[in-house]
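Protein chains in written order, with the UniProt record's numbering: chain C, 1 to 279; chain A, 1 to 284; chain E, 1 to 340.
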Amino acid sequence: MRRVIYRLGWPGTIALLCVMGFICMALFAPWLAPYPAQGAGAPNVVAKLSPPSADYWFGTDHLGRDVLSRVIYATRISLSNGILIVGFSLLIGLPIGLAAGYFGGWVDEALMRVTDVFLAFPALLLAVLMAAAMGPGFLNSVIAVAVTWWPWYARLARAEGMVLRGQPYVEAARLAGVSHPRIILRHILPATGRPLTVQAALDVGPALLTAAALSFLGLGVLPPDADWGQMVDAGRKFFPARWWYSVAPGLTIFLVALSFSVLGDALRDRTKGPSRASA
Amino acid sequence: MPLLEIRGLSITIPTPKGDVRAVRAVDLSVERGEIHGVIGESGSGKTITGTAMLGLLPQGTKVEAERFHFDGEDLRQSADRLRGNRIGLISQDPAAALNPVLRIWRQMDDVLRLHRKAPRAERWAEAVALLASIGLNDPEKVLRSYPHELSGGMLQRVVIAQALATGADFLIADEPTTALDVAVAMQVLELLRQLVATRGLTVLLITHDMDVIAEVCDRVTVLYHGRSLENGPAEQVLQRPEHPYTRALLAALPDAAPRGERLATVEGLFIDPETGALLQGDQP
Amino acid sequence: MNIIRYILRRMVLSAFVVVGVTFLVFTVAQVVPSDPAALYAGPRPSAEQIAKARVELNLDAPLPTRFLTFASAMATGDFGVSYKSRRLILEDLKAYLPATLELAVFSTAIALLFGVPLGVMAAARQGRWFDRLASLSAIASVAMPTFFLAMLLQLIFSQWLGVMPLSGRTSREVGITDPVAQVTGFLLIDSLLAGRPAAFGNAMLHLILPALTLASYPAGVAMRLTRSAMIEILQRRHITAARALGLSQRRILFGHALPNAMGPALTVIGLSFAFALTGAVLVEIIFAWPGLGRYVSEAILAKDFPVIAAVTMVVTICYVVMNLIIDVAQALVDPRVALT
Chain C
1 MRRVIYRLGW PGTIALLCVM GFICMALFAP WLAPYPAQGA GAPNVVAKLS PPSADYWFGT
61 DHLGRDVLSR VIYATRISLS NGILIVGFSL LIGLPIGLAA GYFGGWVDEA LMRVTDVFLA
121 FPALLLAVLM AAAMGPGFLN SVIAVAVTWW PWYARLARAE GMVLRGQPYV EAARLAGVSH
181 PRIILRHILP ATGRPLTVQA ALDVGPALLT AAALSFLGLG VLPPDADWGQ MVDAGRKFFP
241 ARWWYSVAPG LTIFLVALSF SVLGDALRDR TKGPSRASA
Chain A
1 MPLLEIRGLS ITIPTPKGDV RAVRAVDLSV ERGEIHGVIG ESGSGKTITG TAMLGLLPQG
61 TKVEAERFHF DGEDLRQSAD RLRGNRIGLI SQDPAAALNP VLRIWRQMDD VLRLHRKAPR
121 AERWAEAVAL LASIGLNDPE KVLRSYPHEL SGGMLQRVVI AQALATGADF LIADEPTTAL
181 DVAVAMQVLE LLRQLVATRG LTVLLITHDM DVIAEVCDRV TVLYHGRSLE NGPAEQVLQR
241 PEHPYTRALL AALPDAAPRG ERLATVEGLF IDPETGALLQ GDQP
Chain E
1 MNIIRYILRR MVLSAFVVVG VTFLVFTVAQ VVPSDPAALY AGPRPSAEQI AKARVELNLD
61 APLPTRFLTF ASAMATGDFG VSYKSRRLIL EDLKAYLPAT LELAVFSTAI ALLFGVPLGV
121 MAAARQGRWF DRLASLSAIA SVAMPTFFLA MLLQLIFSQW LGVMPLSGRT SREVGITDPV
181 AQVTGFLLID SLLAGRPAAF GNAMLHLILP ALTLASYPAG VAMRLTRSAM IEILQRRHIT
241 AARALGLSQR RILFGHALPN AMGPALTVIG LSFAFALTGA VLVEIIFAWP GLGRYVSEAI
301 LAKDFPVIAA VTMVVTICYV VMNLIIDVAQ ALVDPRVALT
């Protein structure tokens, strides 16, 4: 623990704890939620739209469900949304970027021009277009965001691939007649994998933010499932008079995204180290 | 009274890993109108001593000295005022010392405007005259250029012109020729000597290069591990060095070794960092 | 000379990107949706109506032909008709684009005005409380979901404090009872042209909350980028040299270091503009702002693909052009860019 604090600093450590807390919330939702049935979607109309109270800390929604329980259950969808977006993006971006960087020449040129086209869109707009075309739904919204997300990983992977291509051990493997796919799998992927995975893990925050925006537009999960973005949107009909309905999920999104950013900053500062001061 | 008088200077810089005593005991005395060389290996504290005179050390640095005076004023209090008025800096790499995204004119004018409230045309004329006076051909074109469009020698002249534009009469030249090739370096040194003769400047020339000392310096101070070991007229120090370290340093020059023999090195010669006593042998 | 070659190269690349963008929009809007003809034919269409729609939409032609038709239509500004309202999309765009651009320009300006100076000052006081506070606010503004911030601002400034209008582009009195004559479509400019300071003030008041919402994220990014660029630059030797020449701290920060940080600052303009254009989708719904964002969000609900495609094309091309301008500006600010 002390080593973690030393390495990340206080803000980074708190952020790390928050991220771990949210992961636990997703894993143990049925045990943590005060009203698990309502969290899963069962209506409770008698308590419709009641303000925050001792019974319902964050108030209740238009079907009388405990907002806190709903928020806890929604963690499952929102977090997996973020993780899947980043995972899919890596799956597309990593091979494309590595191939571009490793082979260079016209392969690089062709792949990067395609990447450029995807990057030319303001990201959310392309995601909205994709999601609208495929229709709402959990998986569709993941794919829609991943389509706008992968080019960044392709660029990162390309840069790494270009550096590694020139490394003596890669040259040696090539001269020894090792096939290209094998070199990429054996030598290049392991070396790029780690930095990129760290980057990707930190991107879960922003990815989740984008996914929440899609849900807010009605392009994410469909009721009775809920994620935070959709909850904010559902509460908008009763806003600002019944503000708690939107505020609780909204604040939660903010907290998660903030934790990921602070953690990311702490890690980045760490890897850069204090050497800059001596320049 | 010497123009610059330093006695028992010690500088301690705080770092995350603890304090570093970069300068331990430096004595330095520079007379008006001379070119005074400060020679030493990297890490001997020569650059930090120069930076201290400008008052540009990082915050929290401790500067202690018996005397640390420029023209009778204590530099610890008045460095901020003297810098850019009487004390100027010519730094190692002229390409790094000029802002790459600003034209030379902007960078000259920033200095001129600080000192004289004259209309732009007058300042322009002054900049042109100044650049011409230190041997730059086509000064107008130089003023309109970006640093990357000029050669190293031209850039170093621009840097010198900037320092002159402040009206400084004392220049700290920190390795002014290291980044230049030999022929250009000689021209720059020649220019410094001329400026001393014609404008009555005083120059503190920080270097690790004995040839530079031999070329232009009147007097020399030898620094090692944050201590001044020896000082005196350049010729005397170069030809009859008193301190064993200076002797070793001179012996290590390529010219000093007869053809076919191995070069001498300064290895096996240590100075106790605390006491300054000379130690010989292999102990670290 | 180099700069001209650089600009030409950028322009060719941008043209290439525009073709790619057109292709992608075509694919997503016309190929992915299951049956555009059924959507076009209206609610509960008969088989006959669908068949007619297929012919009208040219859906039976081979894909390359359809793409060419689509591309040339886009190039001539012929975006077709909306499935839902049957109105010409081009007319709608003309009405909505200025409102969104007004918002985008205004929020970009706010983002830069706050973000860049804060970044400079934080860098100059690196590690002290001002820096910590500014950095924390920047990180918070980046993590804040736009749509939620919009609602919070409404809650605080309209509902609780009552100092700002809740939504809309003008008050009813100005908007409907006594509208400002449209010249440019930019309400701020039009009201000035019409010589009506009251209407101008009213429009300005309505602009503040949505613009602040959209400025929050890019301001945070601007602050962070400027700060890290400045910290790096302030350690360069030419800054020490400038200090040695006796220049003041303000002159060094803003006159010598900031021009070197113009690269990141310009990047922020592009980013902020893009963010405003897309964030408009979220913010315009909440603030009932009659712009492209609300237009497209209504189209999404109605699966009105020609509208979605048209808005995506227009906004993306705005964005590509913006990026081209920024690249060129960057080359002009830092002449070394063009050399690489």
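Every residue gets a Cβ at the ideal spot worked out from N, C-alpha and C, and that includes glycine.
>> Can you pull the chain E neighbours of T166(A), defined as C-beta to C-beta under 8 Å?
In response: For the purposes of this step, residue 166(A) is taken as the residue at position 166 of the second sequence. Result: L245 and G246.
>> Applying the 10 Å Cβ sphere with the 16-neighbour rule, what's the burial state of R128(E)?
In response: Reading the third sequence from its first residue, position 128 is the one you call residue 128(E). Exposed, by the Cβ-count rule.
> Among R247(A), R24(A) and Q59(A), which has the Cα closest to the Cα of P14(A)?
Replying inline: By 1-based counting over the second sequence, the position of residue 14(A) is 14. Nearest option by C-alpha distance: Q59(A).
>> I'd like to check one pair, I326(E) with L258(E): are the Cβ atoms closer than 7 Å?
In response: What you label residue 258(E) is simply residue 258 of the third sequence in a count that begins at 1. What you label residue 326(E) is simply residue 326 of the third sequence in a count that begins at 1. In this structure, I326(E) does not lie closer than 7 Å to L258(E) by Cβ.
> Where do the N-terminal and C-terminal ends of the beta strand (DSSP E) with D203(C) fall, by residue?
Replying inline: Along the first sequence, read from residue 1 onward, the residue named residue 203(C) stands at position 203. Premise fails: D203(C) lies in the alpha helix (DSSP H), L189 to F216, not in any beta strand (DSSP E).
> For L126(C), does the count of other Cβ atoms within 10 angstroms reach 16, so buried, or fall short, so exposed?
Replying inline: Taking the first sequence and counting its residues from 1, the one referred to as residue 126(C) is at position 126. L126(C) is buried by the Cβ-count criterion.
> Counting contacts by CB-CB distance shorter than 7 Å, is L202(C) in contact with chain E?
Replying inline: In the first sequence, counting from the first residue as 1, residue 202(C) sits at position 202. Chain E, which has no Cβ nearer than 7 Å to the Cβ of L202(C), makes this no.
> Using the rule of at least 16 other Cβ atoms within 10 Å of the residue's Cβ for burial, across every protein chain shown, is G273(C) buried or exposed?
Replying inline: As a position in the first sequence, residue 273(C) is number 273, starting the count at 1. For G273(C), the predicted structure reports a pLDDT of 40, less than 50, and the residue's modelled location is therefore unreliable. The matter cannot be settled from this model.
>> Can you confirm whether H238(E), when its beta carbon is compared against all beta carbons of chain A, has any partner nearer than 7 Å?
In response: Residue mapping note: residue 238(E) aligns to position 238 of the third sequence, counting from 1. The beta-carbon of H238(E) is placed less than 7 Å from the nearest beta-carbon of chain A.
>> I'd like the span of the alpha helix (DSSP H) that includes S78(C), first residue to last.
In response: Within the first sequence, the letter at position 78 stands for residue 78(C). Segment V67 to F103, the alpha helix (DSSP H) holding S78(C).
> Of all the residues that make up the region 239-269 of chain C, which are near chain E by a beta-carbon distance shorter than 9 Å?
Replying inline: Within the region 239-269 of chain C, the qualifying residues are F239, P240, A241, W243, S246, V247, P249, G250, L251, I253, F254, L255, V256, A257, L258, S259, F260, S261, V262 and D265.
> What is the DSSP secondary structure of R128(E), reduced to helix, strand or coil?
Replying inline: Position 128 of the third sequence holds residue 128(E). For R128(E), the secondary structure class from DSSP, reduced to helix, strand or coil, is coil.
> Which first and last residues belong to the alpha helix (DSSP H) in which H62(C) is found?
Replying inline: Your numbering for residue 62(C) matches position 62 in the first sequence. DSSP places H62(C) in no alpha helix (DSSP H); its state is neither H nor E.
> Would you report the Cα separation of T12(A) and C217(A), rounded to the nearest angstrom?
Replying inline: To locate residue 12(A), count along the second sequence from 1; it is residue 12. To locate residue 217(A), count along the second sequence from 1; it is residue 217. It is roughly 29 Å from the alpha-carbon of T12(A) to the alpha-carbon of C217(A).
>> Assess contact between the region 159-172 of chain A and the region 75-93 of chain A, defined as three or more Cβ pairs (one per stretch) separated by less than 8 Å. Is contact present?
In response: The region 159-172 of chain A is in contact with the region 75-93 of chain A.
> How would you call R182(C), buried or exposed, if buried means at least 16 neighbouring beta carbons within 10 angstroms?
Replying inline: Looking up residue 182(C) in the first sequence gives position 182. By the C-beta density criterion, R182(C) is exposed, having fewer than 16 other C-beta atoms within 10 angstroms.
>> Quick check on residue 387(E): does DSSP put it in helix, strand or coil?
In response: In the structure displayed, chain E extends from 1 to 340; residue 387(E) sits before or after that span and is not available.
>> Any contact between the region 212-228 of chain E and the region 128-142 of chain A? By contact I mean 3 or more CB pairs, one from each, below 8 Å.
In response: Verdict: no, contact absent.
>> Using a Cβ-Cβ cutoff of less than 8 Å, which residues in the same chain neighbour M144(E) once the five nearest sequence positions on both sides are dropped?
In response: As a working mapping, residue 144(E) is identified with position 144 in the third sequence. Short of 8 Å from the beta carbon of M144(E), and not among the five residues preceding or following it, lie these beta carbons of its own chain, in chain order: S216 and Y217.
>> Looking at chain E, is there any beta carbon in it that lies within less than 7 Å of the beta carbon of S91(A)?
In response: In the second sequence, residue 91(A) corresponds to position 91, counting from 1. Among the CB atoms of chain E, one or more fall inside 7 Å of the CB of S91(A).
>> Less than 7 Å between the beta carbons of G8(A) and A22(A), yes or no?
In response: Here residue 8(A) corresponds to residue number 8 of the second sequence, with the count starting at 1. Here residue 22(A) corresponds to residue number 22 of the second sequence, with the count starting at 1. In this structure, A22(A) does not lie closer than 7 Å to G8(A) by Cβ.
>> Against chain F, which members of the region 103-117 of chain A pass a CB distance test of less than 7 Å?
In response: Among the protein chains in the structure shown, which are C, A and E, there is no chain F.
> For the candidate residues L214(C), F22(C) and L16(C), whose alpha-carbon lies nearest to that of T75(C)?
Replying inline: As a working mapping, residue 75(C) is identified with position 75 in the first sequence. Selected option, being the one with the closest Cα: F22(C).
> Would a C-beta distance cut-off of 7 Å place A37(E) and L68(E) closer than the cut-off?
Replying inline: Mapped onto the third sequence, residue 37(E) falls at position 37. Mapped onto the third sequence, residue 68(E) falls at position 68. Not closer than 7 Å, so no.
>> Using the three-state DSSP reduction, which class does H243(A) fall into: helix, strand or coil?
In response: As a working note, residue 243(A) is residue 243 in the second sequence. DSSP places H243(A) outside both helix and strand once states are collapsed to three, so it counts as coil.
>> I want to verify the contact list: residues of chain E whose CB lies under 7 Å from the CB of Q162(A), in sequence order.
In response: Position 162 of the second sequence holds residue 162(A). L245, listed in chain order.
> Buried or exposed: which applies to Q249(E), given that a residue is buried once 16 or more other Cβ atoms fall within 10 Å of its Cβ?
Replying inline: The count along the third sequence starts at 1 and reaches residue 249(E) at position 249. Q249(E) should be labelled exposed.
> With respect to the alpha helix (DSSP H) encompassing N323(E), which residues constitute its N-terminal and C-terminal limits?
Replying inline: By one-based count along the third sequence, residue 323(E) stands at place 323. For N323(E), the enclosing alpha helix (DSSP H) begins and ends at F305 to V333.
>> According to DSSP, simplified to helix, strand and coil, what is H256(E)?
In response: As a position in the third sequence, residue 256(E) is number 256, starting the count at 1. If DSSP states are grouped into helix, strand and coil, H256(E) belongs with the helices.
> Would Y169(C) be called buried (16 or more neighbouring beta carbons within 10 Å of its own) or exposed?
Replying inline: Locating residue 169(C) in the first sequence gives position 169, where the first residue counts as 1. With a threshold of 16 other beta carbon atoms within 10 Å, Y169(C) falls short and is exposed.
> When the Cβ atoms of the region 189-208 of chain C are set against those of the region 157-165 of chain C, are three or more pairs found closer than 8 Å?
Replying inline: Cβ pair count under 8 Å is three or more, so yes.
>> With three or more C-beta pairs closer than 8 Å as the rule, is the region 284-298 of chain E touching the region 5-16 of chain E?
In response: No, the region 5-16 of chain E does not touch the region 284-298 of chain E.
>> Since L68(C) and A157(C) should fall inside the 8 Å C-beta cutoff, what is the C-beta to C-beta distance between them, to a whole number of angstroms?
In response: The residue you call residue 68(C) lines up with position 68 of the first sequence. The residue you call residue 157(C) lines up with position 157 of the first sequence. The beta-carbon separation of L68(C) and A157(C), rounded to 41 Å, does not stay under the 8 Å limit for a contact.
> Given that G218(C) touches chain E, what residues does it touch there, using C-beta distances under 8 Å?
Replying inline: Translated into positions along the first sequence, residue 218(C) becomes position 218. Here the neighbours are I300 and L301.
>> Could you tell me the alpha carbon to alpha carbon distance between A173(A) and R251(E), rounded to whole angstroms?
In response: Numbered from its first residue, the second sequence carries residue 173(A) at position 173. Numbered from its first residue, the third sequence carries residue 251(E) at position 251. Cα-Cα distance, rounded: 24 Å.
> From what residue to what residue does the beta strand (DSSP E) around H69(A) run?
Replying inline: By one-based count along the second sequence, residue 69(A) stands at place 69. Annotation for H69(A): the continuous beta strand (DSSP E) segment containing it runs R67 to F70.
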